[in-house]
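**Student:** Right, I'll just put the structure down here and ask away after.
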Amino acid sequence: AQKVTQAQTEISVVEKEDVTLDCVYETRDTTYYLFWYKQPPSGELVFLIRRNSFDEQNEISGRYSWNFQKSTSSFNFTITASQVVDSAVYFCALRPNFGNEKLTFGTGTRLTIIP
Amino acid sequence: DTGVSQDPRHKITKRGQNVTFRCDPISEHNRLYWYRQTLGQGPEFLTYFQNEAQLEKSRLLSDRFSAERPKGSFSTLEIQRTEQGDSAMYLCASSLVLAGSYNEQFFGPGTRLTVL
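Line by line, the protein sequences give chains A and B.
First residue of the first sequence: 199, per this note's numbering; consecutive thereafter.
First residue of the second sequence: 188, per this note's numbering; consecutive thereafter.
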């Protein structure tokens, strides 16, 4: 069985502060993908990043960065210099590399950026 | 734009009525997924199709739910005798599954169902 845990239900930070969203996962698969999605108030899921379990190299993309640690089964997401437009619900998700490839999502973290 | 489309975007119905949602995947995508998202939760897998074959159904998909993909293109999700607990956002996603390659799932905008 697969499970994704996002312990932070809601986070509020003042604009321009950095914020880290936590994600811990469980899987028996030896290979898998991890994702972060953003869901603004309009409701659509916006893909942010995908990580293959083979690739533990952390990455920075603009104001976003990701910290994947297989040893602790964590895949944390950081926004630096937050902006009001970053306000949304963020979901971490997991899916196997093979088979049905269905996504297992966490319960989400509601991020509010205060102007 | 040839992304995943869903119709209707919003549906309000009374308890006990039947509703049907439609999903049009990206052209030539052979795999289609349905997910359900209730308030305050992440999307949960319901079922998926490989072409016209329904290959897996979640235990969340009770007997009142039926999904079809008759010609391997668009899909419908029907809920019979709706209950207030069926109120949720129903998301559709599609992908082109090719052996040996990564297969991205593209999500539609969702159908928001409200059962009164």
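For glycine and all other residues, C-beta sits at the position ideal for the given N, C-alpha and C.
Quick caveat, the model's predicted, so the values are computed rather than measured.
Once you ignore the five residues that flank Glu299 (chain A) on each side, which residues in its own chain have a CB closer than 7 Å to its CB?
**Tutor:** Within the first sequence, residue 299 (chain A) is the residue found at index 101, counting from 1. Answer for Glu299 (chain A): Arg293, listed in chain order.
**Student:** Counting C-beta neighbours from all protein chains within 10 Å, is the total for Ile312 (chain A) 16 or more, i.e. buried, or is it exposed?
**Tutor:** As a position in the first sequence, residue 312 (chain A) is number 114, starting the count at 1. Exposed is the call here.
**Student:** Apart from the five residues just before and just after Tyr277 (chain B), which ones in its own chain have a Cβ nearer than 7 Å to its Cβ?
**Tutor:** Here residue 277 (chain B) corresponds to residue number 90 of the second sequence, with the count starting at 1. Closer than 7 Å at the Cβ level, and outside the excluded window around Tyr277 (chain B), lie Phe208, Trp221, Arg223, Leu264, Gly297, Thr298 and Leu300.
**Student:** Measure from the C-beta of Leu303 (chain B) to each C-beta in chain A and report whether the shortest distance is under 9 Å.
**Tutor:** Locating residue 303 (chain B) in the second sequence gives position 116, counting from the first residue. For Leu303 (chain B), the answer is no, since every Cβ of chain A falls outside 9 Å of its Cβ.
**Student:** Give the interface partners of Gly306 (chain A) over in chain B, defined as CB-CB distance under 7 Å, in chain order.
**Tutor:** Taking the first sequence and counting its residues from 1, the one referred to as residue 306 (chain A) is at position 108. What Gly306 (chain A) touches in chain B: Gly229.
**Student:** Mind checking which residues open and close the beta strand (DSSP E) that includes Ile312 (chain A)?
**Tutor:** Your numbering for residue 312 (chain A) matches position 114 in the first sequence. Counting along the chain, the beta strand (DSSP E) containing Ile312 (chain A) begins and ends at Thr307 to Ile312.
**Student:** Gly297 (chain B) touches chain A at which residues, Cβ-Cβ below 9 Å?
**Tutor:** For the purposes of this step, residue 297 (chain B) is taken as residue 110 along the second sequence, with counting starting at 1. The answer, in chain order, is Gly241, Glu242 and Leu243.
**Student:** Check the Cβ of Asn298 (chain A) against every Cβ in chain B and list those closer than 8 Å, keeping chain order.
**Tutor:** Here residue 298 (chain A) corresponds to residue number 100 of the first sequence, with the count starting at 1. Result: Tyr235, Leu242 and Glu243.
**Student:** Using a threshold of 9 Å, state whether the C-beta atoms of Ala286 (chain A) and Leu301 (chain A) are closer than that.
**Tutor:** Sequence index remark: in the first sequence, residue 286 (chain A) carries index 88 (1-based). Sequence index remark: in the first sequence, residue 301 (chain A) carries index 103 (1-based). Not closer than 9 Å, so no.
**Student:** Grab the span of the beta strand (DSSP E) containing Asn217 (chain B) for me, first residue to last.
**Tutor:** Here residue 217 (chain B) refers to the residue found at position 30 when the second sequence is read from its first residue. It is not in any beta strand (DSSP E) - Asn217 (chain B) carries neither H nor E in the DSSP assignment.
**Student:** Would a C-beta distance cut-off of 9 Å place Gly229 (chain B) and Phe289 (chain A) closer than the cut-off?
**Tutor:** For the purposes of this step, residue 229 (chain B) is taken as residue 42 along the second sequence, with counting starting at 1. For the purposes of this step, residue 289 (chain A) is taken as residue 91 along the first sequence, with counting starting at 1. It is a contact, given that the beta carbons lie within the stated cut-off.
**Student:** Under 9 Å, CB to CB, which of the residues in the region 273-293 of chain B have a partner in chain A?
**Tutor:** Met276, Leu278, Ala280, Ser282, Val284, Tyr289, Asn290, Glu291, Gln292 and Phe293
**Student:** Cβ of Val212 (chain A) less than 9 Å from any chain B Cβ?
**Tutor:** Indexing the first sequence from 1 puts residue 212 (chain A) at position 14. Chain B contact via Cβ: absent.
**Student:** Can you list the residues of chain A that Phe232 (chain B) reaches, using a CB-CB cut of under 8 Å?
**Tutor:** Here residue 232 (chain B) refers to the residue found at position 45 when the second sequence is read from its first residue. Result: Lys300, Leu301 and Thr302.
**Student:** So which residues on chain B does Phe289 (chain A) lean against when the C-beta distance must stay under 9 Å?
**Tutor:** The residue labelled residue 289 (chain A) in the question sits at position 91 within the first sequence. Here the neighbours are Gly229 and Pro230.
**Student:** Spatial neighbours of Val206 (chain B) within its chain, please: CB distance less than 8 Å, with the 5 preceding and 5 following residues excluded, ordered by chain position.
**Tutor:** Indexing the second sequence from 1 puts residue 206 (chain B) at position 19. Closer than 8 Å at the Cβ level, and outside the excluded window around Val206 (chain B), lie Lys198, Thr200, Glu265, Ile266, Thr269 and Leu300.
**Student:** Give a yes or no on whether 9 Å exceeds the smallest Cβ distance from Arg202 (chain B) to chain A.
**Tutor:** By one-based count along the second sequence, residue 202 (chain B) stands at place 15. Not an interface residue.
**Student:** With 16 as the cutoff for other CB atoms within 10 Å, does Leu233 (chain B) come out buried or exposed?
**Tutor:** Translated into positions along the second sequence, residue 233 (chain B) becomes position 46. Burial call: buried.
**Student:** Give me whichever residues DSSP pairs with Asp194 (chain B) in a beta bridge.
**Tutor:** Indexing the second sequence from 1 puts residue 194 (chain B) at position 7. Note: Asp194 (chain B) sits in a beta bridge opposite B:Arg209.
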